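To keep things clear, I will list the structure first and then write my remarks on it.
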Amino acid sequence: MKRPFILSLLVSGLSLVAPLSQAETLPLPLTGPAYAIANEAYMAYNRKDYDLAIAKAREALRQRGDAEQLRDLIALAERDKYRRDHPQRFPKARVKPGYVEGNQALRAYAKRDYDGSANHARKAIAQAPKNLDYRMMLIEALQRQQRLDEAQVAINDAEQAVGPQPVLTRRRQAIQEQVAVNKAAAGYKALARGDNETAVSEARDAVRSFPKQMAYRKLLVSALIAQGQYAEARSAATEALALNGNDATLLAQRG
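With mature numbering (1 follows the signal peptide of the UniProt record, and there is no 0) applied, the sequence shown corresponds to residues -23 to -1, 1 to 232, in that order.
Given below as structure tokens:
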């Protein structure tokens, strides 16, 4: 085992971890023209100009077809427009629990005020604890702020309230991937500055989360070598090679 491999792992590892950035686990926020048009849509909705709100939201959606919050806005505007135009059908219509706060959470999210969105979502959940939409808004807003531990707690709370849901399972996996990426990035930085103990700890956490990700295993081997734990490094390299027996770097590191 030779230390020069540590530098090569540091360079190659960063490139391997980079594709697993949060951009893959989070939808992109609205920007540019789509954001400006969406903002006009929300302003129109607040003025109860539902026709304009729907038109603007659809215009923004044509530019950003992945923006689910715009579809939610269209649904809200169409519903409220119908109720306005047919008052006789809703003589005693009452606002559902959590609706006002949930709507505030949605508007804050559209403005990229993720902290405000999370606060409103929590209030909506307190009023309607079994509403999955409000819980997903909270999880999304927390994830946007990189408050990943809180987001995982919110997922657990949601499952207790509404039971297992595929959307919650997918979001938990996405957050776990994001946590592992952050751990690996911290490990590479620690290795670069010579903090080998931290590098080993962060690498172990990343490997524990996603054992099949070779970049994390290479980081662990390099960190162990840097720390002088050659027997453990050889063992870690052997475990990694059991998953990918043709990796030249790991073969050389194991010796």
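Backbone N, C-alpha and C fix where the C-beta goes; we use that ideal spot for every residue, glycine too.
The model shown is predicted, which means the values in this text are computed figures rather than measured ones.
CA-to-CA distance, residue j to residue i, given in whole angstroms
| i | j | result |
| --- | --- | --- |
| Gln153 | Asp224 | 26 Å |
| residue 240 | Pro188 | Look at the range of the chain in this structure, -23 to 232, and you will see that residue 240 is not part of it. |
| Leu50 | Tyr86 | 12 Å |
| Val77 | Asp62 | 21 Å |
| Ile102 | Lys73 | 12 Å |
| Leu218 | Leu228 | 8 Å |
| Gln104 | Gly171 | 50 Å |
| Ala138 | Ala54 | 28 Å |
| Gln190 | Thr215 | 15 Å |
| Tyr22 | Ala213 | 58 Å |
| Gln120 | Gln65 | 42 Å |
| Asn133 | Ala151 | 14 Å |
| Arg24 | Glu136 | 36 Å |
| Arg48 | Gln123 | 25 Å |
| Gln206 | Glu174 | 11 Å |
| Ala128 | Arg149 | 9 Å |
| Gln81 | Lys88 | 11 Å |
| Asp90 | Asp28 | 26 Å |
| Tyr111 | Thr226 | 47 Å |
| Arg60 | Ala52 | 12 Å |
| Gly42 | Gly75 | 27 Å |
| Arg147 | Arg56 | 29 Å |
Beta carbon proximity, residue i to chain B, threshold 7 Å
| i | result |
| --- | --- |
| Asp62 | In the displayed structure, chain B is absent; only one protein chain is listed. |
Cut-off 7 Å between Cβ atoms - residues of its own chain near residue i, not counting five sequence neighbours on either side
| i | result |
| --- | --- |
| Lys107 | Ala138, Val139 |
| Leu115 | Ala95, Ala98, Arg99, Ile102, Ala131 |
| Asp92 | Gln122 |
| Gln204 | Asn173, Glu174, Val177 |
| Asn40 | One point to set straight first is that residue 40 is Gln, not Asn, in the sequence displayed. For Gln40, where only same-chain residues beyond five positions count, the Cβ hits under 7 Å are Pro10, Ala11. |
| Met113 | Val144 |
| Gln46 | Leu83, Tyr86, Ala87 |
| Asn221 | Met191 |
Beta-carbon proximity list for residue i, same chain, < 8 Å, skipping 5 on both sides
| i | result |
| --- | --- |
| Asp26 | none |
| Glu209 | Leu201 |
Contacting residues, own chain, Cβ-Cβ under 6 Å from residue i (five flanking each side not counted)
| i | result |
| --- | --- |
| Arg211 | Arg231 |
| Ala30 | Ala18, Ala21, Tyr22, Ala54 |
| Leu109 | Val139 |
| Asp182 | Lys160 |
| Lys58 | Tyr27 |
| Ala157 | Ala183, Ser186, Phe187 |
| Ala180 | Gly164, Leu196, Leu197, Ala200 |
| Glu117 | none |
| Gly79 | Ala101, Tyr111 |
| Arg71 | none |
Three or more C-beta pairs below 8 Å linking the stretch 10 to 17 and the stretch 31 to 40: yes
Inter-stretch contact (C-beta, 8 Å, three-pair minimum) for the stretch 159 to 166 and the stretch 181 to 201: yes
contact_flag[the stretch 163 to 172, the stretch 136 to 151] where n(CB pairs < 8 Å) is 3 or more: no
Completely contained alpha helix (DSSP H) runs for the stretch 77 to 145, where each covers 4 or more residues: 91 to 104, 109 to 121, 125 to 139
Uninterrupted alpha helix (DSSP H) stretches inside the stretch 159 to 207 (no shorter than 4 residues): 173 to 186, 191 to 203
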